[in-house]
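Novice: Residue numbers (the numbering used here): 159 to 386.
Note that beta-carbon positions come from the ideal geometry of N, C-alpha and C, so glycine has one too.
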Amino acid sequence: MPKERPKIRVLIADQQPLFRQGVRSSLTQIADLDICGEVDSSNELISAISNLYPDVVLLDIQMSSDGDTDLAKAVKQLLPSAAVILLSPQPNDDELFQAIKSRVAGYVRRDISSNDLVTIVRRAASGEHPINDTFISQPKVAHKVLEQFQNFSWGKGVESFVSPLTPRETEILTYMAQGFFNKQIAIELSISEQTIKNHITSILRKLDANARTQAVITALKRGFISLS
159 MPKERPKIRV LIADQQPLFR QGVRSSLTQI ADLDICGEVD SSNELISAIS
209 NLYPDVVLLD IQMSSDGDTD LAKAVKQLLP SAAVILLSPQ PNDDELFQAI
259 KSRVAGYVRR DISSNDLVTI VRRAASGEHP INDTFISQPK VAHKVLEQFQ
309 NFSWGKGVES FVSPLTPRET EILTYMAQGF FNKQIAIELS ISEQTIKNHI
359 TSILRKLDAN ARTQAVITAL KRGFISLS
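#1: Hey, out of Cys194, Ala241, Leu365 and Glu202, whose CA is closest to serine 222's CA?
#2: Pull up the distance between the alpha-carbon of aspartate 172 and that of aspartate 198, whole angstroms please.
#3: With the cut-off set at 8 Å, would you say alanine 335 and valine 374 are in Cβ contact?
#4: Run through the DSSP bridge pairs and tell me what glycine 337 is partnered with.
#5: Nearer than 7 Å: is that true of the beta carbon of threonine 371 relative to any heavy atom of the ligand ATP?
#6: Shortest alpha-carbon distance to isoleucine 349 belongs to which of Ile361, Ala367 and Ile330?
#7: Cα-Cα, which of Lys231, Pro164, Asp366 and Gln256 is closest to leucine 323?
#8: Tell me, which residues are paired with serine 246 by DSSP?
#9: Rounded to whole angstroms, what is the Cα-Cα separation between proline 164 and proline 325?
#10: In whole angstroms, give me the CA-to-CA distance for arginine 380 and threonine 328.
#11: Once you ignore the five residues that flank proline 212 on each side, which residues in its own chain have a CB closer than 8 Å to its CB?
#12: For leucine 203, does the three-state DSSP call read helix, strand or coil?
#13: Using 10 angstroms around the beta-carbon of aspartate 269, count the other beta-carbons present and answer buried if the total reaches 16, otherwise exposed.
#14: Go ahead and label asparagine 392 buried or exposed: buried means 16 or more other beta carbons lie within 10 angstroms of its beta carbon, across all protein chains shown.
#15: What is the DSSP secondary structure of aspartate 218, reduced to helix, strand or coil?
#16: Have a look at lysine 314 and arginine 261 and give me their C-alpha separation to the nearest angstrom.
#17: Compare the Cα-Cα distances from serine 272 to each of Ser183, Thr376 and Ser208 and report the closest residue.
#18: So for arginine 280, helix, strand or coil by DSSP?
#19: Within this structure, are the beta carbons of valine 181 and alanine 282 separated by less than 8 Å?
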């Protein structure tokens, strides 16, 4: 018989008892998820991380006294393997920017549907970063983050390398850095969306990237593309 996969251990960190109860009620019905604990304060969260070793942490962004992402950073420092999904009552560009810098896996509304939450938890537990979807869909935030990476690279004197990308791949990656979706890029370049997907697959492979965002950041740091 095939070995049964271990359940995904989920820790709920939220100040509202009713919210925690609702999330627990929804997730405990899912066979591959295990609610390993609940906490309602930052101190309890830090203790739980050290003792429960969750795979995924559902974290209320308002649990931090300043309503920022410091707690998410602390979780990642204590347990780098944990995937953090930030829950926000009113997602906005500034929070998204800080969330990306904090290396969280996801950034979603508190009123996200149960089905969508389960999907994101599973993706995060498997090593994906659903926040990349949000990042790419917000051109202003994408530009701000990528510009910071680019400035950081130049400030550190990172050398440009010979690009492994073809001119067409470089062109497509530049559009990706500007927040364009596949269909939009296809229209701009007058080629099929499937061709765009094929090029992106090649780009990810050449840059050893698992996601679009990682590919763009790698290309910026190595000088393969620029935002100017």
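Specialist: Reading off the structure:
#1: Of the candidates Cys194, Ala241, Leu365 and Glu202, the residue whose Cα lies closest to the Cα of serine 222 is Glu202.
#2: Their Cα atoms are separated by approximately 5 Å.
#3: For the 8 Å CB-CB criterion, alanine 335 and valine 374 form a contact.
#4: As computed with DSSP, glycine 337 is found in no beta bridge at all.
#5: Ligands are entirely absent from the displayed structure, and the ligand ATP is therefore not among its contents.
#6: For isoleucine 349, the closest C-alpha among the options Ile361, Ala367 and Ile330 is that of Ile330.
#7: Looking only at Lys231, Pro164, Asp366 and Gln256, the smallest Cα-Cα distance to leucine 323 is reached by Asp366.
#8: Its beta-bridge partners are Arg267.
#9: Distance between the alpha carbons of proline 164 and proline 325: 44 Å.
#10: The straight-line gap from Cα to Cα measures roughly 13 Å.
#11: If you ignore the 5 residues before and after proline 212, its C-beta comes within less than 8 Å of the C-beta of Arg167, Val168, Leu169, Cys194, Gly195, Ala206, Leu237 and Ala240, all in its own chain and listed in chain order.
#12: Helix.
#13: By the Cβ-count criterion, aspartate 269 is exposed, with fewer than 16 other Cβ atoms from all chains shown falling within 10 Å of its own Cβ.
#14: The chain is shown only over 159 to 386; residue 392 falls outside these bounds and no answer can be derived.
#15: In the three-state reduction of the DSSP assignment, aspartate 218 falls in the strand class, which pools E and B.
#16: With a pLDDT of 43 at lysine 314, under the threshold of 50, the modelled position of this residue cannot be trusted; read the value that follows with caution. Computed Cα separation, rounded: 21 Å.
#17: Closest by alpha carbon: Ser183.
#18: Correct three-state label for arginine 280: helix.
#19: The answer is no: Cβ separation not under 8 Å.
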